[in-house]
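Everything in the sequence shown is counted per numbering that gives the first Met the number 0, starting at 0 for the first residue and increasing by one.
The beta carbon of each residue, even a glycine, is placed where N, CA and C say it ideally should be.
One structure below.
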Amino acid sequence: MCVVCEAMGRDSAQCSAVPGEDNFTFAAGDGGTAGFDPAKDPAYGETWAEWFEAPAGPHFEANAVGYMTANSTFDGAIGYYGDYDFIRIELQAGKTYTIQAYSFSMQPFVGIFGYTGTSGSTVNAELLQTQSFEQVVVNGTLYFVSTQTFTADSHGTFWLAVKDNEDDTSIGAYTLGVVEDETPAVLKNWTTKEIAHRLTDTGWEFFGGERRIWEKTNISYNVDGLTNSVKKLVKHAFDAWEASTGLNFTKTSGGADITFDDTEPDKAYTHSDLKNNGNMKKATINIGRDFDKGTTLDSYTFQSLIHEIGHALGLAHAGDYNAGQGGPTTYPDSALFRNDSWNATIMSYINQSMNTKDKADYALIMTPMIADVVAMFDLYGKPASFNKGNTVYGFHSNVGNYLDVVFDYLVEGDTSSNLIDGSQPLSFTILDSKGNDTINFKTDTRKQTVDLQPGHLSKVYGVAGSMVIANGTFIETYIAGKNDDKVTGNKVANVLRGMNGDDNLKGLDGNDRLFGGNNNDVLEGGPGKDVLDGGKGKDKLTGNSGADFFVYGKGSGRDRVMDFKDDVDALKLDDALWKSKHGNLSKSQVIQKFAQTKNGDAVFDFGGGDVLKVDGIAKSHLTNDLVIV
């Protein structure tokens, strides 16, 4: 029985196929041909042609014989009684399409099939919708026209099956057109896990493939086919993947699991040979000799190497950007989800400036990004540890791989290494597991907006969205720069240092220590037992819940404690505020000598511009709340 008859619920006796061929019959649907004009309908874009016989069932042929794209036409023919054509097309979830077939010599029936999976070499599909034809006379010519609209409920592969009428009594040429509704689909943000699943599983469906991995942990590679200028980047690109995969990559001069060459000029792509079980057997990565995208870490060549190795390790694209005969990648038309960009995955074709919803600046990618990490954890399991020591990122970086060179350039402008050009903005994901870790961007002269929570993006060194914290990564210490910075911590005990500028520091869970530094800062703790030290300047300190310490010393300036809790919080005063003139003083003496109550607030005036105001509490209530150091 043919696949279409089976989908329609017909038995083999009803299948009147020509020997060796399948046949099907569609039930007639409602017409929709008002105003039909063969000179205009369907809308003409790229034209595909059935130069040879189109496949008679669901398939993944990657050529124009049985393939078309949206906003294009397909010229085919029913060449014999019982013939039918399956034309593959990629549709996007939530988008509506007008599908129209017409002929003046045969009576077209069109069915829409959706992909349901593969069984060995067989591609399975289910019938979703059908449409019969109507007769339309235009300028004295009789046309048989089938028109229907279809809204895809999922993104991926569909087939448009065309045949003659139910009796298979006519043959002839036809034109099939698919036009996307002009109303743009409303894209939704995908979670990191959803993006990762696209990379590991559903992204391979366009090729008729499925999830694939290497069934070993030691993988060899050969770079003999590359120029020396590109060879030097390959090891670093593998280093980029090592932390998130737990795999070991070894260079060899002989046969290898992954082979690099440059035989296809001006192209970068990966071809994988799979085992019978669908997993990786071999892979070849082409980086064309004329690709000409730079030969340093801060180049598109390096980003392309990380991307192509991602394919070789089992990751598909975030969208069907290379579907069919190509065409430019655009946003949102080429995207499946609202947050598709390089910031989410290095497997995307959509850079940060193309994604108008991303609020991130264009930057080249230096590492696998947040969804790539989740995808690799899914494929190969989460490594026991990675970057497990007391790692420093940024100033005096000690990551131990190519990122040290990247950070030396980023924070110190160091271009002495031949691996750095220094002409491009950069973006990266911080992936860390154990240790007491620090991000030190103290040399930054532009305003920073930093969020240390996993999955969040930050603006550093003038590039919005340039730093991403990987899921499960918790950085303990952050050192901000020289401008007015905004820093948000995470759920562990953080040390946040504002340094220079009017900074805004916010601790979340954990017993945090916040240091404003110079200028006028705003410090806010969380539910833990926090320590807040405004440093110099006119600072505002809020502890929130928890038993908090508010630190004040000589030269601290005019500070204000916004939410002091009597017999819960504490004022930690440095005796240098008075010792040179008054010697050692008890807590009661300090309050008696320097504090007074004004409008319900305790105000300490130590002279020299050092004034500490504690909102909502009289000085008489503070004796038990002072700590002198």
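- Going by C-alpha positions, ASP511 is about 9 Å away from GLY488.
- Around the beta-carbon of SER333, 16 or more other beta-carbon atoms lie within 10 Å, marking it buried.
- Collapsing the DSSP output to three states places PHE73 in a strand.
- Within its own chain, the residues whose Cβ lies closer than 6 Å to the Cβ of ASP574, once the five positions on either side in sequence are excluded, are ILE627, listed in chain order.
- The beta carbon of ASP200 sits closer than 6 Å to those of ARG210, all from its chain and outside the five residues before and after it, given in chain order.
- Separation of the CB atoms of VAL373 and ASN470 is rounded to 6 Å, and the pair is thereby assigned contact status at 8 Å.
- Taking ASP238 as the centre and dropping the five residues before and after it, the same chain places the C-beta of ASN400, TYR401 closer than 7 Å to its C-beta, in chain order.
- Inter-residue distance for TYR96 and PHE112 is about 14 Å (C-alpha atoms, whole angstroms).
- The criterion of a C-beta distance shorter than 8 Å is not satisfied by GLY525 and ARG496.
- TYR379: member of the alpha helix (DSSP H) spanning 369-379, first to last residue.
- For GLU263, the closest of PHE385, ILE284, LYS537 by C-alpha to C-alpha distance is ILE284.
- Under the three-state reduction of DSSP output, HIS270 falls in the strand class.
- In this structure, LEU522 places its C-beta atom within 8 Å of the C-beta atom of LEU540.
- Of all C-beta pairs linking the segment 227-241 to the segment 280-298, three or more are shorter than 8 Å, placing the two stretches in contact.
- Ranked by how close their Cα comes to the Cα of ALA594, the residues LYS580, GLU241, GLY608, LEU621 have LEU621 in first place.
- In the structure shown, LYS505 adopts extended strand secondary structure according to DSSP, grouped into three states.
- The criterion of a C-beta distance shorter than 8 Å is not satisfied by ASP82 and ALA172.
- Listed as beta-bridge partners of ASP84 by DSSP are VAL161.
- For PHE605, the enclosing beta strand (DSSP E) stretches over residues 600-606.
- When DSSP states are grouped into helix, strand and coil, THR168 belongs to the coil group.
- Within the DSSP secondary-structure output, GLY116 pairs in a beta bridge with ASN123.
- The C-alpha of THR68 is placed about 31 Å away from the C-alpha of LYS280.
- The secondary-structure analysis by DSSP pairs GLY155 across a beta bridge with LEU90.
- Ranked by Cα distance from TYR348, the first of ILE369, LEU363, LEU198, GLY318 is GLY318.
- Straight-line measurement puts the Cα of GLY582 at about 15 Å from the Cα of GLY606.
- ASN493 sits away from SER432, with the two beta carbons spaced by 8 Å or more.
- Contact between the segment 211-218 and the segment 260-279 is present: three or more C-beta pairs spanning the two stretches fall below 8 Å.
- For the alpha helix (DSSP H) assignment, the uninterrupted runs of no fewer than 4 residues enclosed by the segment 170-214 are, from N- to C-terminal side, 191-199.
- The beta carbon of ILE364 sits closer than 6 Å to the beta carbons of GLN302, TRP341, ILE345, SER426 from its chain, once the five residues preceding and following it are set aside; these are given in chain order.
- The C-alpha of ASP84 is placed about 54 Å away from the C-alpha of VAL405.
- Our two residues, LYS571 and ASN623, have alpha carbons roughly 12 Å apart in a direct line.
- With fewer than three CB-CB distances shorter than 8 Å, the segment 186-204 does not count as touching the segment 118-126.
- Annotated three-state conformation of VAL222 is coil, per DSSP.
- TYR551 counts as buried, since at least 16 other C-beta atoms from the protein chains shown sit within 10 angstroms of its C-beta.
- Taking C-beta separations shorter than 6 Å and ignoring five residues to either side along the sequence, the partners of GLN452 in its chain run ASN489, following chain order.
- Annotation for VAL550: the continuous beta strand (DSSP E) segment containing it runs 548-551.
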